[in-house]
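Quick note: the sequence shown uses the numbering used here, first residue 753, plus one each step. All residues carry an ideal CB built from backbone N, CA and C; glycine is no exception. All remarks here apply to the structure that follows.
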Amino acid sequence: MSSRRTISVLILAALLAITAAEGADEAADWPQLHGPRRDGVYRGPALVDSLPSAGPAVTWRKKIGLGFAGPSVADGKLVLFHRMAEKEILDCLDAATGKPLWTASYPASYRDRFGFDEGPRAVPTIDNGRVYTNGAAGILSCTDLKNGKKIWRLDTHASFKPREGFFGTACAPLVSGGKVFVQVGGTAGIGAGGKGSGIVAFDSKTGKPLWGATSDEAGYSSPVIGKLDGKTRLVCFTRTGIVILDPGTGNILYEKRWRARIGASVNAATPVLTNDMVYFSSSYQTGSICLKASEGGYRELWSGDRILSSHYSSSIQSSGYLYGFDGRQEYGTQLRCVSLAGGKIAWSEAQPGKKKFGSGTLILAGDKLLVMADSGELILARVSPKGYRRLGSATILNDTVRAYPALAGGFLYARSTGELVCVDLRKETKAK
């Protein structure tokens, strides 16, 4: 074998090894909001085909503090961001046993004006051995995953002077390319040019602000990043509407107002980005919109308020179809399947009897959909554009559930306002 061919074979083997390692990480980890790719799709070991009424096997339970921030899992560790008394706390647990490994905390100052609890809202992000958190009062922190030591911390409210929102800060930090992207909603400018601080990129190692863009107030949505027309783009859904940016420079490439006419409203659902399309949804008689990127611009494929108007929950895309909740959570929501490119409703499904999905959450695992209703009921269903078939349900938490769960290695980690539970959903366990 020639030396050139040997080198080519070695390079190919190395690339295959890297790809395999990345796939293994995706199967075993759920390191941020909506999983490894921030798309709500689980790519791990096969899950059970049904749920008994008695519920899945409980691996462990733990009493916890206040908040709506779901857990994140990486490298066999689970991190939970919650509030106890006057502290926001980051706890690291052994994901398999629930055993505490370390705790980090700082004083909490957030006060809720609407009767909700005062814990953090944003899911922690784990990246490259570091944990990034965004507290209810805008305290952005970076913590060492190994030992809980503070690497850096910044009070974004003190630095950028955002207007007070309804329910505290809820943007889950997005880490990519050495930057941390956050909707701050600030009014203070950044740098010599004094650009706005509605959206801010921070250096992931130091916390130094790198650029700011827009003067929009922060929404309750979290940003996504991906390719649009062959170029990497940062996609945000602020309180005002749609903002698409160059993540390297912060230059705004596209803006469109997309919010309710009434002031008492929020944009909360995470955008869906796939195949040069980007989808946004809101409630309050606003509705959803799908844009297509092409030739350096964006054109509207469809929009409307009678298709898939999501209040708080984010939709998931698979094979060209969206799965998501339509309607206001307090009035009752329907689970819907909608074609992404055409905006056509394939089917709608409501909870049986007097049950409600509420502000439920979704995780897609192949053709199976895990639905976590805000009542604490876990529902397993088989879905496709042809229909919805319920495979079972069980109550796994006995209090209000608004946090997004994590699904890693076949184990589901879900929290309510006072409890964290780990349940085993692996198919191989069911067969034994």
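Residues that DSSP places opposite residue i in a beta bridge
i: Thr-1169; result: Looking at the DSSP assignment, Thr-1169 forms no beta bridge with any residue, so it has no partner.
i: Pro-961; result: Phe-954
i: His-834; result: Ile-841
i: Asn-1019; result: Paired residue(s): none; Asn-1019 is not in a bridge.
i: Trp-812; result: Cys-1174
i: Asp-1078; result: Gln-1086
i: Lys-829; result: Ala-826 and Asp-846
i: Val-1024; result: Tyr-1031
i: Arg-1058; result: BP columns for Arg-1058 are empty, so no partner.
i: Phe-1163; result: Ala-1160 and Asp-1176
i: Trp-782; result: Val-825
i: Tyr-1064; result: Beta-bridge pairing links Tyr-1064 to no other residue.
For residue i, the nearest candidate out of the options (CA to CA)
i: Gly-1118; options: Met-836, Asp-801, Asp-781 and Arg-905; result: Asp-801
i: Lys-1044; options: Gly-993, Gln-1086 and Gly-982; result: Gly-982
i: Cys-923; options: Arg-863, Pro-975, Thr-908 and Leu-1114; result: Pro-975
i: Lys-1107; options: Ala-821, Tyr-1075, Ser-1145 and Leu-1122; result: Ser-1145
i: Pro-827; options: Pro-859, Pro-788, Gln-784 and Ala-780; result: The sequence given here places Asp at residue 827; Pro does not occur at that position. Measuring from the Cα of Asp-827, the nearest candidate turns out to be Ala-780.
i: Tyr-1156; options: Thr-1147, Asp-1176 and Asp-1126; result: Asp-1126
i: Tyr-1073; options: Ser-1136, Glu-1052 and Tyr-1036; result: Ser-1136
i: Asp-907; options: Gly-1084, Ile-891 and Lys-898; result: Ile-891
i: Thr-885; options: Asp-869, Arg-905, Glu-870 and Pro-808; result: Arg-905
i: Val-738; options: Leu-897, Gly-964, Ala-860 and Asn-1150; result: This structure does not reach residue 738, given that the chain is present from 753 up to 1184, and the question cannot be answered.
i: Gly-1094; options: Glu-1129, Gly-1056 and Phe-1109; result: Gly-1056
i: Leu-702; options: Val-1018, Gly-1084, Ser-1070 and Ser-1091; result: Nothing about residue 702 can be read from this structure; the chain reaches only from 753 to 1184.
i: Tyr-972; options: Phe-919, Asp-869 and Cys-894; result: Phe-919
i: Thr-992; options: Glu-838, Phe-1032 and Ser-893; result: Phe-1032
i: Ser-949; options: Thr-921, Phe-912 and Leu-926; result: Phe-912
i: Glu-838; options: Val-810, Glu-870, Thr-811 and Thr-849; result: Glu-870
i: Lys-902; options: Gln-935, Asp-864 and Gly-959; result: Gly-959
i: Gly-822; options: Gly-887, Asp-1176 and Ala-1166; result: Ala-1166
i: Gln-935; options: Leu-1121, Gly-881 and Thr-990; result: Thr-990
i: Ile-1115; options: Asp-791, Leu-926, Thr-877 and Ala-806; result: Asp-791
i: Glu-1007; options: Phe-868, Tyr-1036, Ile-951 and Thr-1026; result: Ile-951
i: Gly-881; options: Val-793, Arg-795, Tyr-794 and Gln-784; result: Gln-784
i: Lys-1120; options: Ile-1068, Val-825, Phe-1109 and Gln-1103; result: Ile-1068
Rounded separation between residue i and residue j - CA only
i: Pro-914; j: Glu-969; result: 7 Å
i: Ala-1158; j: Met-1124; result: 11 Å
i: Gly-1161; j: Ile-1014; result: 43 Å
i: Gly-1170; j: Asp-1078; result: 28 Å
i: Val-1024; j: Leu-980; result: 12 Å
i: Gly-1198; j: Val-875; result: The structure shown does not extend to residue 1198, since the chain is modelled only from 753 through 1184, so no value can be given for it.
i: Asp-955; j: Gly-900; result: 20 Å
i: Gly-1048; j: Glu-1180; result: 48 Å
i: Ile-1001; j: Trp-963; result: Note that residue 1001 corresponds to Thr in the displayed sequence, not to Ile. Whole-angstrom Cα-Cα distance: 7 Å.
i: Gly-938; j: Pro-808; result: 44 Å
i: Lys-815; j: Leu-1172; result: 6 Å
i: Asp-1151; j: Ile-841; result: 21 Å
i: Ser-1061; j: Val-1018; result: 12 Å
i: Leu-997; j: Thr-966; result: 10 Å
i: Gly-917; j: Ser-1034; result: 17 Å
i: Arg-1051; j: Cys-1042; result: 9 Å
i: Ser-805; j: Gly-1076; result: 24 Å
i: Trp-782; j: Asp-879; result: 11 Å
i: Asp-864; j: Ala-1020; result: 18 Å
i: Asn-1003; j: Val-995; result: 10 Å
i: Gly-789; j: Thr-1113; result: Inspection of the sequence shows that residue 789 is occupied by Arg rather than by Gly. The straight-line gap from Cα to Cα measures roughly 17 Å.
i: Pro-961; j: Asp-1176; result: 41 Å
i: Leu-926; j: Thr-877; result: 7 Å
i: Tyr-794; j: Leu-1164; result: 11 Å
i: Gly-787; j: Thr-1022; result: 12 Å
Own chain partners of residue i with C-beta closer than 8 Å, once the 5 adjacent residues on each side are dropped
i: Pro-999; result: Ser-928, Gly-929, Lys-931, Phe-933, Ala-953, Ile-977, Thr-984, Arg-985 and Leu-986
i: Gly-941; result: Lys-947, Gly-948, Ser-949 and Gly-964
i: Ser-1046; result: Asp-981 and Asp-1028
i: Gly-1128; result: Thr-1147, Ile-1148, Leu-1149, Asn-1150, Asp-1151, Thr-1152, Val-1153 and Ser-1168
i: Arg-873; result: Gly-819, Phe-820, Ala-821, Ala-888, Phe-919, Gly-920, Thr-921, Ala-922 and Tyr-972
Residues near residue i by beta carbon distance below 6 Å, same chain, minus five either side
i: Asp-843; result: Leu-832 and Thr-855
i: Gly-1142; result: The displayed chain sequence assigns Arg, not Gly, to residue 1142. Correct list, in chain order: Ala-1133.
i: Met-836; result: Gly-817
i: Thr-1038; result: Ala-1012
i: Arg-1178; result: Pro-797 and Gly-1162
i: Ala-1183; result: Note that Ala-1183 scores 44 on pLDDT, short of 50, meaning its location in the model is unreliable and no value can be drawn from it.
i: Ser-861; result: Ala-889
i: Ile-763; result: Because Ile-763 sits at a pLDDT of 47, beneath the cut-off of 50, its placement in the model cannot be relied upon, and the following sentence gives the value as read from the coordinates. Around Ile-763: no qualifying Cβ.
Residues near residue i in its chain [Cβ-Cβ closer than 7 Å; skip 5 each side]
i: Glu-1101; result: Gln-1086, Leu-1087 and Tyr-1140
i: Ser-1111; result: His-1063, Tyr-1064, Ser-1065, Gln-1081, Asp-1126 and Arg-1154
i: Leu-853; result: Lys-829, Cys-844, Leu-845 and Asp-846
i: Thr-849; result: Trp-812
i: Ile-1059; result: Gly-1039, Ser-1040, Val-1090, Gly-1095 and Ile-1097
i: His-909; result: Ala-889 and Gly-890
Residue i Cβ short of 7 Å to the ligand MG heavy atom set
i: Leu-926; result: Summarising the ligand content, the structure contains no ligands, and the ligand MG is consequently not present.
| query | Taking only runs of the beta strand (DSSP E) that begin and end inside the segment 1092-1138, which ones reach a length of at least 3 residues, in chain order? | reply | Whole beta strand (DSSP E) segments, 3+ residues: 1097-1101, 1113-1117, 1120-1124 and 1129-1136.
| Ordered list of alpha helix (DSSP H) runs contained in the segment 869-941, each at least 4 residues | The qualifying runs are 908-912.
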